[in-house]
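Participant: Pasting a structure below so you can have a look.
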Amino acid sequence: MTQSFRLENVGLINRKNKISFKFNGKTYYGFEGDTLASALLANGVHLIGRSFKYHRPRGFFGAGVDEPYAIVQLYRNGETEPNVKATEQELFEGLEATSVNCWPSVNFDIGAINNFLKIFLPAGFYYKTFMWPKSFWYKVYEPFIRKAAGLGVASIKHDKERYEHKYEYCDLLIAGSGPSGLASAYAAAKNGARVILAEDKARFGGTLLTSEVNIGNKSGKEWADGVISELKEMPNVTVKNRSQVFGYYDHNMLVMSERISDHLSKTKKFHPKQRLWYIRAKEVLISSGSIERPIVFGNNDTPGVMLSSAAKEYLKVYGVLVGKNPLIFTNNDSGYETAIEFKKNGINPAILDSRKDPHSEIIEEAKNLKIDIKFSYVVVAAKGYKKVKSADIAKISDNKEQLGKIENIKCDCICVSGFWTPTIHLASQSGNKTKFNEDIDAFVPGTSKQKEKTLGAANGVYNLDETLKSSFEAGHELSKKITNNDNKVSFPNVVEKKSTSHDKFWCVPLPDGKNYKRFLDFQNDVAVSDVEIALKEGYRSIEHVKRYTTLGMATDQGKTSNLNGLQLVSKIENKVVPNVGHTTFRPPYTPVSIGAIVGREVGKHSKPTRKSPMHLWHKKNNAVFIDAGVWLRPRYYKQGDENLFEGSKREAKNVRTNVGVCDVTTLGKIDIKGPDAAELLNRVYTNAWLKLPVGKARYGVMLREDGIVMDDGTTTRISENHYHMTTTTAQAANVLSHLEYYLQLVWPELNVNVVSTTEQWAGAAIAGPKSRELLQKLFPNFDVSNEGLPFMGYIEGDLFGVKARIFRISFSGELAYEVNVESDNGNFMWEKIIEVGQEFKIQPYGTEALSVLRIEMGHVAGSELDGRTIPYDNSLEGLLSKKKDFIGKRSLTRKAFTAEDRQKVVGVVPLDKKTSIPEGSHLVKDSNAPLPNPKLGYISASCWSVEHDNPFSLAILKDGKNMIGKKLFVMSPLKNKIIPVEIVSSHYVDPKGERVRS
Amino acid sequence: MLHIKCPHCGMRSQNEFSYGGDATIKRPELGKEISDQDWDNFVYNRKSLKGKHWELWQHISGCRQWIKVERDTATHEIFNTLKATEDIS
Ligand SMILES: [Zn+2]
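Line by line, the protein sequences give chains A and B.
If you read the first sequence in the numbering used here, its first letter stands for residue 162, the second for the next number, and so on.
If you read the second sequence in the numbering used here, its first letter stands for residue 165, the second for the next number, and so on.
Rendered as structure tokens:
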């Protein structure tokens, strides 16, 4: 294919580098520096997709971020990305793209039948059409909507690209590199401020790239290039192109997405695809420019109808003609600039100007160029289905209500200019209450809310001289405030054409007998008639009208449609626009990829993985791991092809008969020091702590202020003013914060310090009847007899030259010890225990066996201490001191907590002694009772008791105290099980606790 | 994301902190008689204020100190920050 719409010697593209790409399977050529849109237009391709609701043919409307139509499915390096704007996607070798929202193809679209059935798809069509019958929803409506109405298709493959996050601080963040952005950045940078200048597009300069102006005896583009290259050299300046500042958040934090590799065929090695910048700026200058407004007329969505500024940009930046027989339809001077550019390149445009008799420099220039201009003329309707072929035009009365005789003129594109809408999104997001500016028929930022200032066109200033002056000044003033420097830059001489005022005209009336669709929102297919219906049906608030009609709700967020929608509502409602108000601008300004938002926090990076010092040993010995909070813990050590059930049973049995060793490094450990340490413990734990002797451990339970159990664990008195607290793995961080809270805020008079030592100690629990014999061999020079190291005793030992702490505590209910060494020695300790333990048939055991052992002992843990239970529920009421106050004690007197039939932990055994009981099942009295069957309790933990060789569960059961011996049913609708059970004591093994003391 | 001035460390991003609720609530003294209503007010009852509010934050990924922050709950403006031991005036 030839690029038959490409001009020679015009544009900023690199003609030396020809690039091939595919659109809808067909190969085309463009140049380096093209966007997909400009390259397609160079090839005369205007039909790019189908509209969302009516599936009408769609072309290009803009040339950048405001584009409502040209959304494609992009294929790059084996990956696909939906909803890419062709106007933003830069061309690269091998680019492939397809149309979205058309099935089976862009040229023959079944959904287009909606266009002829549009009577069924008026405003609120989602709410009306797909309401009933209910059964139709899943079978008919939803599949239809999904197939016919979707935009692009998201990839279901893992995204191999890398996305990064970056945090940055600066004095001034400047969003947009048009005249105001460049001038303010330059002034601030020269005054020593740390500046970040962000430009959404690949090229810096904004409108300076396309406007015929002269700054300091240079063309706009030359001046912009000069400023940018000077800024790039300055160490205090960061200049970023392809970077969209899309969100303005609290406390002057802005987020910017930088597209680093999207314009390349393939991301370079070690480069991210995109980078998300979190920028905390002392001051923000919003120089985001403005977007041209369309004028609404019949069939104004026909491919070939586009913004006049876009036509000019395609011509001047890309050397592309959007048509060879252009019709310019304008209500202001901007349309003339486009017409003149066409004329200068040998094309004869025609201008329809809705104004009656405007006079300005540029109009004179157009007249001198012999451009055909019709004043008081409008386009009534575009003609042509897949492309504009002609236009119905007419003279319009001075009051803009009567049309003259309809004439038809040939044209191949209609370039529309309905004046300009400032891009106030960032200012509005910052909290700035916008105000309506009558002169430009648009909202502009009001009083600054955060440290932000809006400049130039974004502030409704369309005069270059004034824009540059105020921007130089703002850059200087704001930087001076921060740096205290006063280095001024000289202000360049500006030459520009003076323009005259625009016509407050935005919608062409319908001619008699015609019912053309006149679109407001091009992406969501919202027409004038839809808004009229919504208002007729009683919708008043603009926010409601938006949601009912979907006006401004598409991926372009109404960048080109908002104001015309407001004009319409204000006209029908007979209110002025500021009283209608605008809908809320929310971040992101433009769609941001999920990848960029997620950054590196994917897969293994989504949370840190902590490993114990013995991790490699576990791995070598076939441990199957399980996540325990952020830790990886061995669940069981697989032997041969045994499964979890078999392996954990073997391990638990070995603890009951010989000796086992379990890695307990992950338990939270808090070092507590200070003369008031005992007093702190006495207030935090429910039991008494003031008289614990040195060298002794004690089990303790701590509550929240509302009486609910927060955590349990043992704390050991290492020396006079030094305690070692253990917490559960899951609650370690919360318990530390809890202690800090009380020490810093509630009882600052207590002289105590707390610090986490979880990572400092490696722990091994040695449990089983042979554990003492093993311990004696590990510490031959220490007295570990029942007298020397009694239950809940503590000594410091020496493990083959390594300092060790030995606690006689038990979680398994067996005679057991816990040995701690400094983390670096963890693996040494572990290997020694395994080596020396061989003669006692030692086996390592994982968390599953640990669970079995604690469940059959009736030892409550996380599944019972689940943030809903009080000490009584867990049979821990014996640990509640009556003599002293403690955190949460007062709450325990609440009526519900002292009820006679209060829930309590019990044991549950199936009557057949065979059927395993699913955790989470409910306990009921009568399995045949009508629904809802009153629930008496729930199964908190289940195991296969190795002691009794039958299933055993713990449950929290209403009136549990009086239920022992009763027969109930366990019901699990999820697993479709009903199991007759007997309620027994929660202490299923060694109820008197003799083993731990043996 | 808020920018909070830790009285110990200086200006830090919100993601270094965790929120701790109303800073004006005073825990009743240990061991003292207290009515059900007063205890309920301490444990459960909180005002959901619109506007200036003294609240607790902990600089959890920094100095680990609990601090008092005066913030507007509607605009997120922060007016003042204090150390745990400093009294709200
Ligand atoms: Zn701090």
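Idealized CB from N, CA, C, for every residue including glycine.
Please confirm whether LEU246(B) has its beta-carbon closer than 9 Å to some beta-carbon of chain A.
Facilitator: LEU246(B) does not count as touching chain A.
Participant: For the beta strand (DSSP E) that GLN222(B) lies in, which residues bound it at each end?
Facilitator: Per DSSP, GLN222(B) belongs to the beta strand (DSSP E) from 216–222.
Participant: For ARG454(A), is the classification buried or exposed, using 16 other Cβ atoms within 10 angstroms of its Cβ as the cut-off for buried?
Facilitator: Looking at its Cβ environment, which holds 16 or more other Cβ atoms inside 10 Å, ARG454(A) is buried.
Participant: May I ask you to report which of helix, strand or coil DSSP gives TYR884(A)?
Facilitator: Three-state DSSP puts TYR884(A) in a strand.
Participant: Please say whether SER1159(A) and ASN947(A) have beta carbons closer to each other than 9 Å?
Facilitator: Their beta carbons are under 9 Å apart, which means ASN947(A) touches SER1159(A) by this criterion.
Participant: Determine, using beta carbons only, whether GLU250(B) and PRO171(B) come nearer to each other than 9 Å.
Facilitator: Yes, Cβ-Cβ distance for GLU250(B) and PRO171(B) is below 9 Å.
Participant: Exposed or buried, VAL655(A), counting other C-beta atoms within 10 Å across all chains shown (16 or more means buried)?
Facilitator: Under this definition VAL655(A) is a buried residue.
Participant: Kindly examine ligand 1 and report whether one of its heavy atoms sits closer than 8 Å to the Cβ of HIS172(B).
Facilitator: Yes, the Cβ of HIS172(B) comes within 8 Å of a heavy atom of ligand 1.
Participant: Taking 9 Å as the threshold (C-beta atoms), are TYR1006(A) and GLY1206(A) in contact?
Facilitator: Outside the displayed span of chain A (162 to 1159) sits residue 1206(A), for which this structure offers no information.
Participant: Which residues bound the alpha helix (DSSP H) around THR661(A)?
Facilitator: Taken as a continuous stretch (DSSP letters only), THR661(A) belongs to no alpha helix (DSSP H), as it is neither H nor E.
Participant: Which residues in chain A sit within 7 Å of LEU213(B), going by Cβ to Cβ distance?
Facilitator: In chain order: nothing, as chain A lies at least about 18 Å away.
Participant: Verify the CB distance criterion: does VAL233(B) have a CB-CB separation below 9 Å to chain A?
Facilitator: VAL233(B) does not count as touching chain A.
Participant: Listing by chain order, which chain E residues have their CB less than 7 Å from the CB of ASP1046(A)?
Facilitator: In the structure shown, chain E does not exist; the protein chains are A and B.
Participant: Taking the alpha carbon of LYS216(B) as the point to measure from, which residue in SER182(B), LEU166(B) and ASN244(B) has its own alpha carbon closest?
Facilitator: Looking at the Cα atoms, ASN244(B) is the closest of the given residues.
Participant: Just mark ILE280(A) as buried or exposed, buried being the case when its beta carbon has 16 or more other beta carbons within 10 Å.
Facilitator: Note that ILE280(A) scores 48 on pLDDT, short of 50, meaning its location in the model is unreliable; the coordinates nonetheless yield the value given after this. Exposed: under 16 other Cβ atoms inside 10 Å.
Participant: Whole angstroms is fine: what's the gap from ASN170(A)'s alpha carbon to LEU476(A)'s?
Facilitator: Each residue's alpha carbon lies about 11 Å from the other.
Participant: Would LEU616(A) and LEU392(A) qualify as a contact pair, given that the criterion is a beta-carbon distance under 9 Å?
Facilitator: Not in contact: LEU616(A) and LEU392(A) (Cβ atoms no closer than 9 Å).
Participant: Closer than 9 Å, CB to CB, is GLN201(B) near chain A or not?
Facilitator: Taking Cβ atoms only, chain A never reaches closer than 9 Å to GLN201(B), which makes this a no.
Participant: Using the DSSP secondary-structure output, state which residues sit across from ILE180(A) in a beta bridge.
Facilitator: Answer by DSSP bridge pairing, in chain order: GLY191(A).
Participant: Excluding sequence positions up to five away, which residues of its chain have a Cβ less than 8 Å from the Cβ of LYS614(A)?
Facilitator: If we look at LYS614(A) and ignore the five residues flanking it on each side, its Cβ neighbours are GLU444, VAL445, LEU446, ILE447, ALA635 and LEU639.
Participant: For HIS412(A), would you say it is in contact with chain B, using Cβ-to-Cβ distances shorter than 9 Å as the test?
Facilitator: Closer than 9 Å: yes.
Participant: Does any CB atom of chain A fall closer than 9 Å to the CB of THR239(B)?
Facilitator: Answer yes: the Cβ-Cβ gap between THR239(B) and chain A drops below 9 Å somewhere.
Participant: Candidates ASP518(A), LYS528(A), LYS517(A) and TYR479(A): which alpha carbon is nearest GLU498(A)'s?
Facilitator: Checking every option, the nearest Cα to that of GLU498(A) belongs to LYS528(A).
Participant: Which chain B residues are close to LEU906(A), counting only those with a beta carbon under 8 Å from its beta carbon?
Facilitator: Result: LEU220, TRP230 and ALA248.
Participant: Applying a beta-carbon distance threshold of less than 8 Å, which residues of chain A neighbour ARG191(B)?
Facilitator: By Cβ distance, chain A contributes GLU866 and VAL907.
Participant: Please classify GLU737(A) as buried or exposed, where buried requires at least 16 neighbouring CB atoms within 10 angstroms.
Facilitator: Reading off the sequence shown, one finds Val at residue 737(A), where the question assumed Glu. Looking at its Cβ environment, which holds fewer than 16 other Cβ atoms inside 10 Å, VAL737(A) is exposed.
Participant: Determine the burial state of GLY174(B): buried for a count of at least 16 other Cβ atoms within 10 Å of its Cβ, exposed for fewer.
Facilitator: Flag for GLY174(B) reads exposed.
Participant: Which runs of the beta strand (DSSP E), 3 residues or longer, sit entirely within the segment 769–796 of chain A?
Facilitator: List check, beta strand (DSSP E) in window: 784–789.
Participant: Using Cβ-Cβ distances below 9 Å, what residues of the segment 873–898 of chain A are close to chain B?
Facilitator: Answer set for the segment 873–898 of chain A: ALA894, LEU897 and SER898.
Participant: So, under 8 Å CB-CB, ASP1120(A) and ASP1062(A) are touching, yes? Tell me the CB distance rounded to an integer number of Å.
Facilitator: ASP1120(A) to ASP1062(A), Cβ: 4 Å. Contact.
Participant: Can you grab the Cα-Cα spacing for the pair MET162(A) / ILE376(A), in whole Å?
Facilitator: At MET162(A), the pLDDT of 48 sits below 50, so the modelled position is not reliable and the matter cannot be decided from this model.
Participant: Tell me which residues share the same chain as VAL605(A) and place their Cβ nearer than 7 Å to its Cβ, disregarding the 5 neighbours each side in the sequence.
Facilitator: The answer, listed in chain order, is PRO583, ILE585, THR595, LYS596, ASN598, ASN620 and GLY621.
Participant: Taking Cβ-Cβ distances shorter than 8 Å, what residues in chain A pair up with ILE224(B)?
Facilitator: Those are SER898, listed as they occur along chain A.
Participant: At what residue ranges does the segment 694–769 of chain A contain a whole run of the beta strand (DSSP E), taking only runs of 3 or more?
Facilitator: You should have found no qualifying run.
Participant: For ASN843(A), which three-state DSSP category applies?
Facilitator: ASN843(A): helix per DSSP, three-state reduction.
Participant: Name the chain A residues whose beta carbon is nearer than 8 Å to that of ILE198(B)?
Facilitator: Per Cβ cutoff of 8 Å: ARG1051.
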